[in-house]
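In our numbering, the protein residues as written are 19 to 354.
From the three backbone atoms N, C-alpha and C, an ideal C-beta is built for every residue, glycine too.
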Ligand SMILES: Cc1cc2nc3c(=O)[nH]c(=O)nc-3n(C[C@H](O)[C@H](O)[C@H](O)COP(=O)(O)OP(=O)(O)OC[C@H]3O[C@@H](n4cnc5c(N)ncnc54)[C@H](O)[C@@H]3O)c2cc1C
């Protein structure tokens, strides 16, 4: 049995920063994540993509942000159970919780913080026969390392920010030898400046833009060799390519967390915004996994939520102690 003050389910950016804020209050944390590495969406979906809205960092790669968070929390020696999904939560007679993973690892603490983000990652896949056969043989749903596409022909499908941003990135950085963007609609859902950039790149012949069209078939004996694309007006044509990257977003699925008697709304956990507590005293939900009026799924907002939640957790664990806010500049990180 692993015993700690706070069990954090989810080692994404929000779970990681919560370790820091808890550490300032001398509360020990143990993180559980179903993925084999910390970092959540930042590590799994877009490690090489720059983020522009982290205070104090005009631009930081998502993977670098996670590396920095790991350095920042190092003094607090959090424990990690990685590669194991938390599947069960039980309340004990001593007013603590036991969280059990899929492999049977048990963790006990008076406080549980759920920082499960999108829950179990599941990409939305296009309805193409034999699609699964070509996975990792030319078909990928997530761009983890753009270098994989160096000097390769790439067909990206999708009409949202992810599809637009990667089409621009692989073209402007001269990574892919050829970029084709296929989108079912005539207009895009992404940011207006990204849409304009793709149109500009298409007009100068740098991106092949195919709108009102869908990838209908994948061809190749051992690996992807070409795609069958159906255009609304012009009918079917074959496009030779090395990679097909459908970027249709992720299906949010709470997974086992959905069965823990927590109040759920719109596939997310309802919280009280005074301290991000859930309907079960002692369980908090922070980051992308929670919902409340005006919720924004941003890293910045998750950092704030984790900070307030640990203040409330401190009061639950130490009702007799008065907690006075101190600045790290005065005492240093470990001087509390
Ligand atoms: C392409 C893209 C670009 C983005 N750009 C920005 C941006 O520029 N700025 C910004 O602020 N935000 C951006 N975001 C959103 C940002 O990534 C999320 O807001 C952030 O990752 C939320 O952090 P989190 O820690 O709450 O959850 P996540 O990062 O989703 O991490 C949650 C973790 O919980 C784990 N988990 C879930 N259920 C369980 C379970 N039962 N047991 C164990 N582990 C579990 C998951 O495996 C995951 O590792 C972007 C997102 C995407 C997809």
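- Pairing residue 45 with residue 24, the inter-Cα distance amounts to about 7 Å.
- The nearest non-hydrogen atom of ligand 1 is less than 8 Å from the C-beta of residue 59.
- For residue 159, the Cβ stays outside the 8 Å cut-off from all heavy atoms of ligand 1.
- The straight-line gap separating the alpha-carbon atoms of residue 79 and residue 338 is approximately 42 Å.
- In terms of Cβ geometry, residue 172 and residue 266 do not form a close pair [threshold 9 Å].
- Excluding the 5 residues flanking it on each side, residue 43 has same chain C-beta neighbours closer than 7 Å at 328, 332 and 341, in chain order.
- Residue 31 holds the alpha-carbon nearest to the alpha-carbon of residue 60 among 31, 54, 39 and 71.
- Annotation: residue 244 to residue 22 spans about 53 Å, alpha carbon to alpha carbon.
- Secondary structure at residue 302: strand, using DSSP grouped into helix, strand and coil.
- Between the alpha carbons of residue 157 and residue 167 lies a distance of about 12 Å.
- Between residue 210 and residue 181, the C-beta spacing is not below 9 Å.
- Per DSSP, residue 185 lies in no beta strand (DSSP E); the unbroken alpha helix (DSSP H) holding it starts and ends at 179-190.
- Residue 123 is not a Cβ neighbour of residue 51, given a cutoff of 9 Å.
- For residue 176, the shortest C-beta to heavy atom distance toward ligand 1 is 8 Å or greater.
- With a cutoff of 8 Å, residue 337 does not count as near ligand 1, since its C-beta is closer than that to no heavy atom of the ligand.
- With a cutoff of 9 Å on beta-carbon distance, residue 152 and residue 247 are scored as not near each other.
- By the criterion of a C-beta distance shorter than 8 Å, residue 316 is surrounded in its chain by 71, once the five residues flanking it on both sides are discounted.
- The beta carbon of residue 234 sits closer than 6 Å to the beta carbons of 246 and 248 from its chain, once the five residues preceding and following it are set aside; these are given in chain order.
- When secondary structure is reduced to three states using DSSP, residue 334 falls in the helix class.
- When DSSP assignments are scanned along the region 188-258, the uninterrupted stretches of beta strand (DSSP E) that are 3 or more residues long and fall wholly within it turn out to be 196-201, 225-229, 231-237, 244-249 and 253-258.
- Comparing C-alpha distances from residue 176 to each of 286, 49, 165 and 204 shows the shortest one belongs to 204.
- For residue 106, same chain residues with a beta-carbon under 6 Å away, outside a window of 5 residues either side, are 118 in chain order.
- A distance criterion of 8 Å places the beta-carbon of residue 212 beyond contact range of ligand 1, judged by its closest non-hydrogen atom.
- Under the 8 Å Cβ criterion, the region 81-97 counts as touching the region 33-42, having at least three qualifying pairs.
- Going by beta carbons, residue 65 and residue 29 fall outside the 9 Å limit.
- Along the length of the region 113-155, whole beta strand (DSSP E) runs at least 3 residues long occupy 115-119, 124-127 and 129-132, reported in chain order.
- Straight-line measurement puts the Cα of residue 318 at about 8 Å from the Cα of residue 73.
- For residue 32, the CB falls within less than 8 Å of some heavy atom of ligand 1.
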